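Structure first, then comments.
2 protein chains.
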Amino acid sequence: MKLTILGCYSATPRTFTNPTSQVLEIRNHLFLIDCGEGTQVQLRKNKIKFSRIKHIFISHLHGDHFFGLPGLISTFRLLGRETEMHIYGPKGIKEAITLFLKLGDSWTNFPLIFHELKSKESELIFEDEQVSVHTIPLKHRIYTNGFLFQEKPSPRKLDIEAVAEHKIDRSQYNNIKNGADGILESGTVVPNASLTIDPPDPKSYAFCSDTVYNEDILPLIKNVDTLYHESTFLETESNLGEKTKHSTAKQAALIAQKADVGSLILGHYSTRYKSIDLFREEALQVFSNVELADDGKSFEI
Amino acid sequence: MKLTILGCYSATPRTFTNPTSQVLEIRNHLFLIDCGEGTQVQLRKNKIKFSRIKHIFISHLHGDHFFGLPGLISTFRLLGRETEMHIYGPKGIKEAITLFLKLGDSWTNFPLIFHELKSKESELIFEDEQVSVHTIPLKHRIYTNGFLFQEKPSPRKLDIEAVAEHKIDRSQYNNIKNGADGILESGTVVPNASLTIDPPDPKSYAFCSDTVYNEDILPLIKNVDTLYHESTFLETESNLGEKTKHSTAKQAALIAQKADVGSLILGHYSTRYKSIDLFREEALQVFSNVELADDGKSFEI
Numbered sequence: 276m277k278l279t280i281l282g283c284y285s286a287t288p289r290t291f292t293n294p295t296s297q298v299l300e301i302r303n304h305l306f307l308i309d310c311g312e313g314t315q316v317q318l319r320k321n322k323i324k325f326s327r328i329k330h331i332f333i334s335h336l337h338g339d340h341f342f343g344l345p346g347l348i349s350t351f352r353l354l355g356r357e358t359e360m361h362i363y364g365p366k367g368i369k370e371a372i373t374l375f376l377k378l379g380d381s382w383t384n385f386p387l388i389f390h391e392l393k394s395k396e397s398e399l400i401f402e403d404e405q406v407s408v409h410t411i412p413l414k415h416r417i418y419t420n421g422f423l424f425q426e427k428p429s430p431r432k433l434d435i436e437a438v439a440e441h442k443i444d445r446s447q448y449n450n451i452k453n454g455a456d457g458i459l460e461s462g463t464v465v466p467n468a469s470l471t472i473d474p475p476d477p478k479s480y481a482f483c484s485d486t487v488y489n490e491d492i493l494p495l496i497k498n499v500d501t502l503y504h505e506s507t508f509l510e511t512e513s514n515l516g517e518k519t520k521h522s523t524a525k526q527a528a529l530i531a532q533k534a535d536v537g538s539l540i541l542g543h544y545s546t547r548y549k550s551i552d553l554f555r556e557e558a559l560q561v562f563s564n565v566e567l568a569d570d571g572k573s574f575e576i
Numbered sequence: 276m277k278l279t280i281l282g283c284y285s286a287t288p289r290t291f292t293n294p295t296s297q298v299l300e301i302r303n304h305l306f307l308i309d310c311g312e313g314t315q316v317q318l319r320k321n322k323i324k325f326s327r328i329k330h331i332f333i334s335h336l337h338g339d340h341f342f343g344l345p346g347l348i349s350t351f352r353l354l355g356r357e358t359e360m361h362i363y364g365p366k367g368i369k370e371a372i373t374l375f376l377k378l379g380d381s382w383t384n385f386p387l388i389f390h391e392l393k394s395k396e397s398e399l400i401f402e403d404e405q406v407s408v409h410t411i412p413l414k415h416r417i418y419t420n421g422f423l424f425q426e427k428p429s430p431r432k433l434d435i436e437a438v439a440e441h442k443i444d445r446s447q448y449n450n451i452k453n454g455a456d457g458i459l460e461s462g463t464v465v466p467n468a469s470l471t472i473d474p475p476d477p478k479s480y481a482f483c484s485d486t487v488y489n490e491d492i493l494p495l496i497k498n499v500d501t502l503y504h505e506s507t508f509l510e511t512e513s514n515l516g517e518k519t520k521h522s523t524a525k526q527a528a529l530i531a532q533k534a535d536v537g538s539l540i541l542g543h544y545s546t547r548y549k550s551i552d553l554f555r556e557e558a559l560q561v562f563s564n565v566e567l568a569d570d571g572k573s574f575e576i
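Chains H and D are the protein sequences, given in the same order.
Residue numbers are given in the numbering used here: position 86 of the first sequence equals residue 361, and the series is strictly consecutive.
Residue numbers are given in the numbering used here: position 124 of the second sequence equals residue 399, and the series is strictly consecutive.
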């Protein structure tokens, strides 16, 4: 799994900082998460192939998380896209996007499928053989969801040397990958464990922005490999966090610690601070594996 | 009058090119003309003070001319704006912007006043003592207006040396500026022309984008000092111009020539061409005073 940060600063786009947007490469998918103004330019700058994006997840309808969406959809149209596009986001997103395209008399020539969200409970919103996506209900000023992206376990891998040594017929390979024992010509059974090796552990990524400190999400994000948790403020401005329903770096670290996640990525920084290193310093007092998101930065999960 | 080009490329924002937006400094006003995605970042890059903008003119509701507007308005709100903002644009613009702000539960704390346009005739849409703005109906795929910005004649200027020599009392200065003769203590009348100098000629600027070649606009833009006329294509792609209701550089030059304007600025370039110099070369074959718009470039009018 590979996460690329297109933008991770709060509020307005500035000369050198972009509002929230991320691309998650997970198995055969390229998921776009949030779409602040300028996201399509960030996709270009980071050389991400537009056509590979087929699913867009929008956390909430504040401008810094979705004002880039009408332009991105229009650009897909100009690029001659034909394959369908799925958009997951709060109720109202369909009306908004539809109105903008209608006003320009520029409806898409590809299927645009909206999956509007309104549940306050976590729900499964996407699933195929390899991946699942659940919502993570967050607490912000308006209806907001985080998203939990999970790989499914891969089939076991054939131990090429072992099957050759036992002279196992190729016709059994798929069954063995799916857990069956091998059967020799003589009728002898070779246990599956002798013919296969463990697949890599399935990975998981949780995106949580924007939100106040909220322990309700702990069961949903328990043990994820990587958690992105917003940290708009430092503890010195915790009163602002309370007021605007955002978190501090320390609060993000507390969530990471209590959920026992593998690593924490901080982001959605207020631009009031001199350096984003301050966020990491504060979080490190609570949790040891802290990374800083930054525009254009990638993380292997 | 000073025109600053924030963006002048057609279609989608790219890494180094921006969709249409311009700032016109005219007398005491800073007018924003069109607002493609990323306009607020371009305003920052060009160090233009957001608070000075009180009037925004939107030509039409294609994304590359107005998708930056919801974000710009949200940013005005975040910056604590209190003074009113006037937005002039096609019918539908109010519903669109209102919906986007409503979804984010982030209505502005300053008065946002929409002036929706639907007339197919030129109309006066703004006027004060110093400036007037008329629409220029254009022909494009959807309802579109250009805008004619005109300074009003300034009062005559006092000839400081002449009034001193004649010992004219200060109480007469304003009347003299407005055209009255001077009267000496002795009762002698000194003609206005001896006490004043001509004010600078009032200047005018016409913005015409997007449009096909359309001679109907000639009476409206006759003799303007500067005409910005779109030139999406070169003559080699004139068939595309016809089809998409855009102009070629030659057609823009023909309009400039027939309207006998002072200078022509080309823009709204398709990015299919290697160099924008090609647009100027083509236009120069028809009209002699041709300039090329480019992002971040300013023109004194």
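Glycine residues also receive a C-beta, built at the ideal position from the N, C-alpha and C atoms.
Here the structure is a predicted model, which is why all the values come from computation and not from measurement.
Point to revise | Three-way DSSP call (helix, strand, coil) for H/I372 in this model | key: In the three-state reduction of the DSSP assignment, H/I372 falls in the helix class.
Review point. For the 8 Å Cβ check, are there 3 or more pairs between the stretch 371-381 of chain D and the stretch 336-344 of chain H?
Key: yes
Check your understanding: Can you find a C-beta in chain H that's less than 9 Å from the C-beta of D/T290?
Key -> yes
Review point. Under 9 Å, do D/D444 and D/S469 count as touching if we go by C-beta distance?
Key: No; because the gap between Cβ atoms is not below 9 Å, this pair is not in contact.
Practice item. Enumerate in chain order the residues of its own chain whose CB-to-CB distance from D/K329 is below 8 Å, with the five nearest sequence positions on each side excluded. Key: H304, L305, T358, E359, M360 and H361
Review point. With 9 Å set as the bound, which would you pick, yes or no: does the beta-carbon of H/Q315 sit closer than that to a beta-carbon of chain D?
Key: yes
Practice item. Could you check which residue in D/H543, D/S545 and D/I530 has the C-alpha nearest to that of D/D491? Key: D/I530
Review point. Would you report the Cα separation of H/L299 and H/G364, rounded to the nearest angstrom?
Key: The C-alpha of H/G364 is placed about 17 Å away from the C-alpha of H/L299.
Point to revise | Amino acids of chain H, ordered along the chain, whose beta-carbon sits closer than 7 Å to that of D/G516 | key: Residues of chain H passing the Cβ test: none, with the nearest at roughly 17 Å.
Review point. So what's H/A527 in DSSP terms, helix, strand or just coil?
Key: Secondary structure at H/A527: helix, using DSSP grouped into helix, strand and coil.
Review point. Near H/F291, what residues of its chain come up, given a Cβ to Cβ distance below 6 Å and the 5 sequence neighbours on each side ignored?
Key: Nothing listed; no residue qualifies.
Review point. If we cut at 9 Å on Cβ distances, does H/K277 have a partner in chain D?
Key: no
Review point. So D/F332 is in the alpha helix (DSSP H); what residue range does that whole segment cover?
Key: Where D/F332 is concerned, there is no enclosing alpha helix (DSSP H), although the beta strand (DSSP E) it sits in stretches over I328 to F332.
Point to revise | D/N420, DSSP secondary structure in three states | key: strand
Practice item. Check each candidate in D/G313, D/S446, D/Q560 and D/F424 and name the one with the smallest Cα separation from D/I348. Key: D/G313
Check your understanding: With a Cβ-Cβ cutoff of 9 Å, do D/I417 and D/L336 count as a contact?
Key -> yes
Check your understanding: Could you give the C-beta distance for H/Y503 and H/I540, rounded to a whole number, given that I count them as a contact under 8 Å?
Key -> 5 Å
Check your understanding: Is any beta-carbon of chain H found at less than 9 Å from that of D/I417?
Key -> yes
Check your understanding: H/V465 to H/V536, Cα distance in whole Å?
Key -> 38 Å
Practice item. Just the chain D side, please: which residues come within less than 9 Å of H/K320 by C-beta, in chain order? Key: T290
Practice item. Say whether the stretch 414-431 of chain H touches the stretch 384-392 of chain D, bearing in mind that this needs 3 or more beta-carbon pairs closer than 8 Å, one atom from each stretch. Key: Contact between the stretch 414-431 of chain H and the stretch 384-392 of chain D is absent, because fewer than three Cβ pairs lie under 8 Å.
Point to revise | Nonlocal neighbours in the same chain, by C-beta distance under 7 Å from H/V565, ignoring five residues either side | key: A528, L539, L541, R555, A558 and L559
**Study point:** Residue burial classification, D/S522 (beta-carbon count within 10 angstroms, cutoff 16)
**Key:** buried
**Study point:** Residue closest to D/T350, alpha-carbon to alpha-carbon, out of H/P294, H/A439 and H/C310
**Key:** H/P294
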